[in-house]
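J.: In the UniProt record's numbering, the protein residues as written are 1 to 275. Here a beta-carbon is modelled for each residue, glycine too, at the ideal position from N, C-alpha and C. Here it is, the structure, as C-alpha cells.
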Amino acid sequence: MLDELSKMPVAPRRRLGSRWGLGAALLALTAWLFWTVVTSPNLDWAVIGSYLFAEPILSGVGVTLLLTVSTLLFGLILGMLLALMRQSDNPVLSAAYAAYIWFFRGTPLLVQLVFWFNLALLFPRIGIGIPGTSFGWYGDANTLITPFVAALFGLALHEAAYMAEIIRGGFLAIPRGQVDAALMIGMTPAQASRRIVVPQAIRVILPALGNQFILILKGTSMVSVIGGGDLLTRAQQIYGQNYQVIALLLVASLWYLALVSLASIGQHYLERGLR
C-alpha cells in the first residue's frame with residue numbers, strides 16, 4: 001500500500017483564485033493611483049510637455065550623462081589601482097587601501113560633495129610647488145573648484161571605493177590553483193594575471209558595473225545641492241521661477257526613468273552576451 005502511494009504523482013494545491021484575486025486587486029490599485037495623478041487638477045500636463053524637451057532640461061540631461069560616464073571611468077581606474085594595492089604583499093599598501101575604503105564608504109556621499117564644494121574654506125589657494133619657495137603653480141580654489149569639478153571629485157572618489165571592492169571580488173572569484181598552475185609552467189606573476197586572472201575576472205565584474213552605472217546615474221541628482229548643473233538642478237532652477245514644482249519634478253523623473261531604462265536594457269544584453 002505504501003509503495004503504491006509513493007508512486008502516485010503529487011499535484012500541487014491549486015491557488016488560482018487567490019492569485020488572480022490578489023493580482024486584480026494590485027492592478028486596480030495601480031490603475032487608481034495612476035488615474036488620480038493623471039487627472040489631478042493641480043497637475044498641469046501642458047507645463048510638463050512644454051519643459052520636457054526644453055533647452056535647460058536637455059542641458060541638464062547632458063551634464064548628468066557626462067557626470068555619470070566620467071565618474072564611472074575615473075572610479076574604475078582608481079578602483080583598479082586600489083584593488084592592486086589590496087592584492088599586494090606590502091602591508092603599507094594594504095593599510096592605505098583599508099583606510100581609503102573605510103573613509104569613503106563610511107561618510108555619506110552628500111557630505112563629500114558639500115566638502116569638495118567648500119574646499120576653499122580649508123585651502124584658499126591650491127596648486128603644485130616646492131614648500132618654502134615661490135616656485136610652482138598656484139590658483140584660487142574658488143575659481144578652480146567649480147560646482148561641476150566638486151561634483152566630479154565627490155562622485156568619483158566615492159565610487160572608487162565601491163569599484164575597488166567589486167574588482168577585488170572579481171579577482172577572488174578566480175581559484176588560486178589556476179595561478180599556481182600558470183606559475184608552474186613558467187609564467188611570471190604578471191603574465192598569469194594578464195592571461196589567466198583578468199580575462200575571467202572581467203566576466204564577473206562587468207555585470208556589477210552595469211548596476212553601478214545605474215546607481216551613479218541616479219546618484220548624480222545629489223549634486224543639485226551644490227548647483228552642479230545636472231538634470232535636477234535645472235528643474236529646480238525652473239520651478240524656482242514659475243513655482244510649478246510637481247510638474248518640473250515629473251519632468252526630471254521621466255528623464256531619469258528613460259535613462260535608467262536604456263541602461264537596464266544595455267545591462268541585460270551585456271549579461272546575456274557573457275553567458
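(1) Among residues of its own chain, excluding the 5 on either side of residue 80, which ones have a beta-carbon nearer than 7 Å to its beta-carbon?
(2) Would you decide whether residue 233 is buried or exposed? Buried here means 16 or more other CB atoms lie within 10 Å of its CB.
(3) Counting only runs that start and end within the segment 142-229, where is the alpha helix (DSSP H) found for 4 or more residues in a row?
(4) Do residue 208 and residue 174 count as a contact pair if the criterion is CB distance below 8 Å?
(5) For residue 138, write down the residues that DSSP places opposite it in a beta bridge.
(6) Going by CA-CA distance only, name the one from 236, 261, 264 and 265 that's closest to residue 251.
(7) Among the residues of its own chain, which have a CB less than 7 Å from the CB of residue 238, if the five just before and after it don't count?
(8) Below 8 Å on the Cβ atoms is my contact criterion, and I expect residue 213 with residue 263 to pass it. Report the Cβ-Cβ distance as a whole number of Å.
(9) Go ahead and pull the three-state DSSP assignment for residue 107.
(10) Taking only three categories from DSSP, how would you classify residue 41?
(11) How close, in whole Å, do the beta carbons of residue 226 and residue 113 come, if the pair is a contact with beta carbons under 8 Å?
(12) Using the rule of at least 16 other Cβ atoms within 10 Å of the residue's Cβ for burial, across every protein chain shown, is residue 138 buried or exposed?
(13) Report all residues from its chain with a CB closer than 7 Å to the CB of residue 74; omit the five preceding and five following residues, and keep chain order.
(14) Less than 8 Å between the beta carbons of residue 109 and residue 222, yes or no?
(15) Can you give me the Cβ contacts of residue 125 inside the same chain, cut-off strictly under 8 Å, excluding the 5 residues immediately before and after it?
(16) Quick one: residues in its chain with C-beta nearer than 6 Å to the C-beta of residue 271, no 5 flanking neighbours on either side, listed in chain order?
(17) Run the CB neighbour count on residue 85, radius 10 Å, all protein chains shown included, and call it buried at 16 or more, exposed below.
(18) Ends of the alpha helix (DSSP H) at residue 242?
(19) Taking the alpha carbon of residue 246 as the reference point, which residue from 46, 22, 20 and 162 has its own alpha carbon closest?
(20) In angstroms, rounded to a whole number, what distance separates the CA positions of residue 99 and residue 33?
(21) Are residue 256 and residue 218 touching if we call contact CB-CB under 8 Å?
(22) Using beta-carbon positions only, say whether residue 148 and residue 116 come within less than 8 Å of one another.
(23) Between residue 205 and residue 229, is the Cβ-Cβ spacing less than 8 Å?
(24) Among 266, 182, 258 and 231, which one has its Cα closest to the Cα of residue 63?
(25) Using alpha carbons as the reference points, say which of 71, 224 and 95 lies closest to residue 215.
T.: According to the data block:
(1) 167
(2) buried
(3) 147-172, 176-184, 189-192 and 198-219
(4) no
(5) 127
(6) 236
(7) 51, 56 and 248
(8) 6 Å
(9) coil
(10) coil
(11) 6 Å
(12) exposed
(13) 156
(14) yes
(15) 138, 139, 140 and 141
(16) 207
(17) buried
(18) 231-242
(19) 46
(20) 47 Å
(21) yes
(22) no
(23) no
(24) 231
(25) 71
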